[in-house]
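Just so we're aligned, residue 17 is where the sequence shown starts under the working numbering, counting upward by one. Just so you know, even glycine gets a beta-carbon here, dropped at the ideal spot from N, CA and C. Written below as structure tokens is the structure these notes are about.
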Amino acid sequence: MRVIKTTLNGDPNIGLYGLATDRFAIISDIGADKDEIADVLKVPVIVMRAARTCFAGIFLAGNSNAVLVPNIMEAKELDYLKEEMSKISKDIEIKMIETEHTALGNLIICNDKAAMISPLIEKHKDEISEALKVPVTVSDLMDLSIIGSLCMPTNKGFLLNMHVEKEDFELVEKTLKTDGDIGSVNFGGSFVRSGMIANSNGYLIGNQTTGPEITRIDEALGFINV
């Protein structure tokens with residue numbers, strides 16, 4: 017099974033509640049089916065809260081090498097994340113970013129090849145690069161600083177906001193070192209990261225997403241060759 021149409025907490029904007037890499041996934045503790053998610057993404061799933069909220073997808077970012085967490089995370093949340101991650105691998109870093117711009121998931125686009133970060137967190141470029149073990153580009157997209165909300169990247173492709181200009185699309189393509197496409201989720205939603213959780217093995221998508229949207233996503237993420 018490569019894709020599941022679903023909701024989390026009754027909400028089709030499932031990307032707000034989690035993230036995935038090719039080594040692990042993190043999902044909020046809101047009654048998600050951990051086994052079903054693991055079956056689709058084919059990675060271990062950590063169930064937890066982030067910054068005393070269910071919005072793990074908003075506050076956390078990362079790739080297979082590290083999870084970036086904001087300084088508003090509670091100590092018990094960090095301890096739990098470190099403990100659970102150590103069961104998966106001892107070499108995945110949990111890196112705290114000391115910033116007033118705490119919604120890291122909205123500010124970072126990354127895979128295991130590269131990362132793009134918002135100008136809002138430019139001063140953290142070097143430490144983010146060191147933790148993720150990838151080169152980092154600093155840019156906004158569509159004149160917006162919340163670049164992470166505009167793109168769903170994996171190691172095999174990416175889906176980008178359907179209103180993006182050609183110049184911005186080419187920048188993301190060059191940065192992530194993979195092909196991709198523009199598209200939407202949940203019947204026209206252009207902030208695509210909010211509607212999905214994906215890695216190279218599969219993806220979860222909001223249940224309002226249409227068949228044509230899923231076909232486009234399959235192509236963008238490299239599951240269908242065109």
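#### Entry: Start and end residues, alpha helix (DSSP H) containing Tyr219
Counting from 1 along the sequence shown, the entry for residue 219 is found at position 203. Not the alpha helix (DSSP H): Tyr219 falls in the beta strand (DSSP E), residues Tyr219 to Gly222.
### Where Val150 sits in the DSSP three-state scheme
Within the sequence shown, numbered from 1, the residue matching residue 150 stands at position 134. It is coil, neither helix nor strand.
### C-alpha distance - Lys149 paired with Gly196, whole-angstrom precision
Here residue 149 is taken as the residue at index 133 of the sequence shown, counted from 1. Here residue 196 is taken as the residue at index 180 of the sequence shown, counted from 1. If you take the alpha carbons of Lys149 and Gly196, they lie about 22 Å apart.
### Query
If we count the other Cβ atoms within 10 Å of its Cβ and call it buried at 16 or more, is Pro151 buried or exposed?
If you number the sequence shown from 1, residue 151 lands on position 135. Result: exposed.
### Task
Could you check what DSSP says for Gly196 in three-state terms: helix, strand or coil?
For this step, residue 196 is matched to residue 180 along the sequence shown. Looking at Gly196 - three-state DSSP - the assignment turns out to be coil, as it is neither helix nor strand.
### Task
Tell me where the alpha helix (DSSP H) around Lys92 begins and ends.
Indexing the sequence shown from 1 puts residue 92 at position 76. Secondary structure note for Lys92: its alpha helix (DSSP H) is the uninterrupted segment Ala91 to Ile104.
### Query
Does the distance from the C-beta atom of Met101 to that of Ile62 stay below 9 Å?
Walking along the sequence shown from the start, residue 101 turns up at place 85. Walking along the sequence shown from the start, residue 62 turns up at place 46. Against a cut-off of 9 Å, the Cβ pair of Ile62 and Met101 comes out as a contact.
### Task
Can you tell me which of the three DSSP states Leu175 falls into?
Residue 175 sits at position 159 when you count from the first residue of the sequence shown. Reduced to three states, the DSSP call for Leu175 is strand.
#### Entry: Whole-angstrom distance between Val180 and Ile137, CA atom to CA atom
For this step, residue 137 is matched to residue 121 along the sequence shown. For this step, residue 180 is matched to residue 164 along the sequence shown. Cα to Cα, Ile137 sits roughly 22 Å from Val180.
### Nearest neighbour of Gly31, chosen from Ile110, Thr226 and Val201 [CA to CA]
As a first step, residue 31 is located in the sequence shown; it is residue number 15 there, counting from the start. Per the Cα distances, Val201.
### Query
Just how far apart, CA to CA, sit Ser206 and Leu220?
Counted from its first residue, the sequence shown places residue 206 at position 190. Counted from its first residue, the sequence shown places residue 220 at position 204. Cα to Cα, the separation comes out at about 16 Å.
### Task
Quick one: using the 10 Å Cβ neighbour count with 16 as the cut-off for buried, is Ala114 buried or exposed?
For the purposes of this step, residue 114 is taken as residue 98 along the sequence shown, with counting starting at 1. Sequence inspection shows Glu at residue 114; the Ala mentioned does not correspond to that position. Glu114 is exposed by the Cβ-count criterion.
### Task
Determine the extent of the beta strand (DSSP E) in which Lys21 is found, giving its start and end residues.
Taking the first residue of the sequence shown as position 1, residue 21 is located at position 5. Looking at the DSSP string, the run of the beta strand (DSSP E) that includes Lys21 is Val19 to Thr22.
### Message
Here's a check: name, in chain order, each residue in its chain whose Cβ is nearer than 8 Å to the Cβ of Arg65, leaving out the five neighbours to either side.
### Response
Translated into positions along the sequence shown, residue 65 becomes position 49. For Arg65, where only same-chain residues beyond five positions count, the Cβ hits under 8 Å are Ser44, Asp45, Ala72 and Glu93.
### Message
Considering just the uninterrupted stretch of the alpha helix (DSSP H) at Glu114, what are its terminal residues?
### Response
The residue given as residue 114 occupies position 98 in the sequence shown. From DSSP, Glu114 is part of no alpha helix (DSSP H); its letter is neither H nor E.
#### Entry: Among Ser210, Gly26, Lys98 and Ser155, the one whose alpha carbon lies nearest that of Lys190
Taking the first residue of the sequence shown as position 1, residue 190 is located at position 174. Cα-wise, what sits closest to Lys190 is Ser155.
### Task
Can you check the segment 31-84 for any beta strand (DSSP E) of at least 3 residues that lies completely inside it and give the ranges in chain order?
34-36, 41-43, 61-63 and 77-79
### Query
Does DSSP classify Asp27 as helix, strand or coil?
On the sequence shown, residue 27 is found 11 positions in, with the first residue counted as 1. Three-state DSSP puts Asp27 in a strand.
### Query
Starting from Ala236 and walking both ways along the alpha helix (DSSP H), at which residues does that stretch end?
The count along the sequence shown starts at 1 and reaches residue 236 at position 220. Where Ala236 is concerned, the enclosing alpha helix (DSSP H) stretches over Gly227 to Ala236.
### Query
In angstroms, rounded to a whole number, what distance separates the CA positions of Gly78 and Ile42?
In the sequence shown, the residue the question calls residue 78 occupies position 62. In the sequence shown, the residue the question calls residue 42 occupies position 26. Distance between the alpha carbons of Gly78 and Ile42 is about 10 Å.
### Three-way DSSP call (helix, strand, coil) for Leu187 in this model
Walking along the sequence shown from the start, residue 187 turns up at place 171. Assignment of Leu187 by DSSP, reduced to helix, strand and coil, places it in the helix class.
### Query
Straight-line CA distance for Met212 to Asn223?
Mapped onto the sequence shown, residue 212 falls at position 196. Mapped onto the sequence shown, residue 223 falls at position 207. Each residue's alpha carbon lies about 10 Å from the other.
### Query
How should Glu229 be labelled, buried or exposed, when 16 other C-beta atoms within 10 angstroms of its C-beta is the threshold for buried?
To locate residue 229, count along the sequence shown from 1; it is residue 213. Under this definition Glu229 is a buried residue.
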